[in-house]
Amino acid sequence: MEKIDNLDRKILEIVMANARIPSKDVAIECGVSRAAIHQRIQRMIDLNVITGSGYHVNPKALGYRTCTYIGVNLESGSMYRDVVPELEKIPEVVECHFTTGPYTMLIKLYARDNEHLMELLNGKIQTIAGVKGTETLISLDHSIVREMPVHYTK
Numbered sequence: 006m007e008k009i010d011n012l013d014r015k016i017l018e019i020v021m022a023n024a025r026i027p028s029k030d031v032a033i034e035c036g037v038s039r040a041a042i043h044q045r046i047q048r049m050i051d052l053n054v055i056t057g058s059g060y061h062v063n064p065k066a067l068g069y070r071t072c073t074y075i076g077v078n079l080e081s082g083s084m085y086r087d088v089v090p091e092l093e094k095i096p097e098v099v100e101c102h103f104t105t106g107p108y109t110m111l112i113k114l115y116a117r118d119n120e121h122l123m124e125l126l127n128g129k130i131q132t133i134a135g136v137k138g139t140e141t142l143i144s145l146d147h148s149i150v151r152e153m154p155v156h157y158t159k
């Protein structure tokens, strides 16, 4: 059984396009009451369909001009659970994934510049117990940033 129905999908499509849209406007577009919108959104939060809300901050506006992906190899894949808490202590690390393929982990971080990146790599990431090696990929530009599409039938 599916967690969400067509009305939920329509609500998601609307709020994903504009998280600041007033509930009354969502209600008008969906043809239901404002209370129904609030109930539907709360239900989707309770079901973990909606997992967060907030503002997206432009790292460049804060002085972090270098976006980097780092493939991390561990001495053993089982060390993942020990390494993640150490990576969480590094505020510039914004994502961490346990992966298949050539790396045990893939992390995303932002650095102010190449010197700062080198400090993060040499002074913090590569010194974590269990980290065997890293490979750094600097993002030159990003073109697509979006959520998963939500399709509903009209």
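The opening residue of the sequence shown carries number 6 in our numbering; numbering runs sequentially from there. Built from N, CA and C at the ideal position, the CB exists for glycine as well.
Contact check, residue i vs residue j, beta carbons under 8 Å
i	j	result
Val-178	Tyr-115	Limits of the chain in this structure are 6 at one end and 159 at the other, which puts residue 178 out of reach.
Glu-97	Leu-67	no
Gly-82	Thr-139	no
Tyr-69	Arg-117	yes
Ala-24	Ser-58	yes
Cut-off 8 Å between Cβ atoms - residues of its own chain near residue i, not counting five sequence neighbours on either side
i	result
Leu-52	Lys-8, Ile-9
Leu-17	Ile-9, Met-49, Val-54, Ile-55, Val-155
Own chain partners of residue i with C-beta closer than 6 Å, once the 5 adjacent residues on each side are dropped
i	result
Pro-64	Tyr-115
Lys-113	Tyr-74, Val-99, Glu-100
Leu-92	Val-98, Cys-101
Sequence-distant residues of the same chain with beta carbon closer than 7 Å to residue i, five excluded per side
i	result
Ile-19	Ile-26, Val-31, Glu-34
Met-6	Only weak support exists for where Met-6 lies, its pLDDT of 47 falling under 50; the value from the coordinates is given anyway. The answer is none, since no qualifying residue turns up.
Met-45	Reading off the sequence, residue 45 comes out as Arg, not Met. Excluding positions up to five away in sequence, the list reads Leu-12, Asp-13, Ile-16.
Thr-104	Met-110, Leu-111
Lys-129	Ile-95
Tyr-85	Leu-79, Phe-103, Thr-109, Met-110
Ser-28	Arg-39, Ile-42, His-43
Gln-131	Thr-139
Integer-rounded CB distance, given that residue j should sit under 8 Å from residue i
i	j	result
His-102	Leu-111	5 Å
Ile-143	Thr-71	6 Å
Ile-42	Val-88	The Cβ separation is near 42 Å, so there is no contact.
Residue ranges of each alpha helix (DSSP H) run of no fewer than 4 residues wholly in the segment 105-156, ordered along the chain?
Counting only runs of 4 or more residues that sit fully inside the segment 105-156, the alpha helix (DSSP H) segments are 119-125, in chain order.
Sequence ranges, beta strand (DSSP E) only - wholly within the segment 50-103, length at least 3
The segment 50-103 contains these whole beta strand (DSSP E) runs: 71-79, 98-103.
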